[in-house]
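**Student:** My questions all concern the structure below.
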């Protein structure tokens with residue numbers, strides 16, 4: 088659920104800026120629990136339904152599939168869920184250390200000043216594997232080989248051809264492109280007269296084949312592919328590419344069937360779409376399952392402590 092602030096210099100010299108949703112295309116819901124969560128978000132104005140008009144010749148959306156978008160950008164829903172919760176950002180974790188005093192989190196050779204009772208990892212499995220290794224070898228081995236598909240994404244600002252305004256999105260049936268999106272046609276997104284805000288996702292197979300190619304080369308290839316799909320070159324004002332190395336999970340019968348991993352003895356857990364299923368819904372279901380497990384463990388520990396206190400003699404009474 089990613090949105091990038093995009094800045095460029097217009098041909099006349101003035102500065103331009105907008106935001107482009109370069110991660111998940113949208114949110115879909117199949118389970119009753121996630122549908123209820125989305126309904127609450129719509130009710131308070133955090134989410135909007137989106138039924139894009141698809142380009143002629145495009146593959147259709149899946150039958151009955153309704154898309155939803157957070158407002159005004161994709162991370163907004165997560166920001167609101169985190170409101171009031173202290174957070175430390177841009178702290179790349181290198182190692183986890185556990186002692187009788189709790190967990191320490193190490194980054195760049197130094198440990199975070201706070202010790203923690205519980206650590207949960209909500210990151211791609213390949214990145215979680217080395218952190219889990221010293222504490223749960225079995226989880227680490229599974230995470231290290233969990234299959235994830237990559238995705239190269241092109242985004243940018245271009246002159247807006249009239250023919251493109253008749254549709255919001257496309258799923259080309261062949262070629263390197265999986266999705267072609269007019270970001271300015273999405274609910275709550277900025278529009279600019281005479282300009283098109285493009286976001287283009289490459290197919291997983293194409294992205295995997297050219298995963299290690301230089302970004303400049305990939306950008307030229309995807310620009311050309313978009314021009315081929317539109318039937319004419321695109322006049323770009325500014326563009327860039329982003330490489331999602333771990334974009335989409337792949338169903339694998341050899342992988343564990345749990346929707347999350349939780350070790351109550353260590354206070355260690357992991358969640359993500361590679362466990363809960365693809366899409367935002369899969370990640371949400373996995374995170375919810377892990378949160379439930381953590382809270383249940385805390386409740387059990389609290390009840391155990393309360394029981395011990397209730398049956399223990401008060402110190403003063405025992406001294407008599």
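In this note's numbering, the protein residues as written are 88 to 407. From the three backbone atoms N, C-alpha and C, an ideal C-beta is built for every residue, glycine too.
So, using beta-carbon positions, are residue 266 and residue 309 closer together than 8 Å?
**Tutor:** no
**Student:** Going by alpha carbons, who is nearest to residue 335 out of 204, 110, 94, 105?
**Tutor:** 110
**Student:** Apply the 10 Å Cβ neighbour rule to residue 138 and answer buried if 16 or more other Cβ atoms are within range, or exposed otherwise.
**Tutor:** exposed
**Student:** Looking only at its own chain, which residues have a Cβ that is under 8 Å from the Cβ of residue 277, when we skip the five neighbours before and after it?
**Tutor:** Here residue 277 has 105, 106, 271, 284 as same chain residues with Cβ atoms under 8 Å from its own Cβ, once five neighbours each way along the sequence are excluded.
**Student:** Once you ignore the five residues that flank residue 209 on each side, which residues in its own chain have a CB closer than 7 Å to its CB?
**Tutor:** 358, 359, 374
**Student:** Quick check: the Cα distance between residue 330 and residue 387, rounded to an integer number of angstroms?
**Tutor:** In this model, residue 330 and residue 387 are separated by some 43 Å (Cα to Cα).
**Student:** For residue 273, does the count of other Cβ atoms within 10 angstroms reach 16, so buried, or fall short, so exposed?
**Tutor:** buried
**Student:** Grab me the residues of residue 91's own chain with a C-beta within less than 6 Å of its C-beta, minus the 5 sequence neighbours each way, in chain order.
**Tutor:** 107, 109
**Student:** For residue 125 and residue 347, I'd like the C-alpha separation in whole angstroms.
**Tutor:** Their backbone Cα atoms lie some 21 Å apart in a straight line.
**Student:** Take residue 279 as the anchor and find which of 97, 88, 89 has the nearest alpha-carbon.
**Tutor:** 97
**Student:** Decide if residue 344 is buried, meaning its Cβ has at least 16 other Cβ atoms within 10 Å, or exposed.
**Tutor:** exposed
**Student:** Could you tell me the distance, in whole angstroms, from the CA atom of residue 378 to the CA atom of residue 313?
**Tutor:** So the alpha carbons of these two residues sit roughly 42 Å apart.
**Student:** Which residue's Cα is closest to the Cα of residue 282: 364, 118, 269?
**Tutor:** The closest CA to that of residue 282, considering only 364, 118, 269, is found on 269.
**Student:** For residue 120 and residue 368, what's the separation of their Cα atoms in angstroms?
**Tutor:** 10 Å
**Student:** Within the same chain, show all residues whose beta-carbon is closer than 6 Å to that of residue 323, passing over the 5 residues directly before and after it, in chain order.
**Tutor:** Closer than 6 Å at Cβ, skipping near neighbours: 243, 245.
**Student:** In the DSSP assignment, find the unbroken alpha helix (DSSP H) run with residue 315 in it and report its ends.
**Tutor:** 302 to 317
**Student:** In three-state terms, what does DSSP make of residue 186?
**Tutor:** strand
**Student:** Grab the span of the beta strand (DSSP E) containing residue 329 for me, first residue to last.
**Tutor:** 323 to 336
**Student:** Under 7 Å Cβ to Cβ from residue 365, same chain only, skipping five residues before and after it: list those, please.
**Tutor:** 335, 336
**Student:** Just grab the DSSP bridge partners of residue 257 for me.
**Tutor:** 267
**Student:** So what does residue 77 bridge to, in DSSP terms?
**Tutor:** No answer is possible for residue 77: it lies beyond the span of the chain, which begins at 88 and ends at 407.
**Student:** Between residue 328 and residue 302, is the Cβ-Cβ spacing less than 8 Å?
**Tutor:** yes
**Student:** With a Cβ-Cβ cutoff of 8 Å, do residue 494 and residue 190 count as a contact?
**Tutor:** Residue 494 is absent from the structure shown; the chain starts at 88 and stops at 407.
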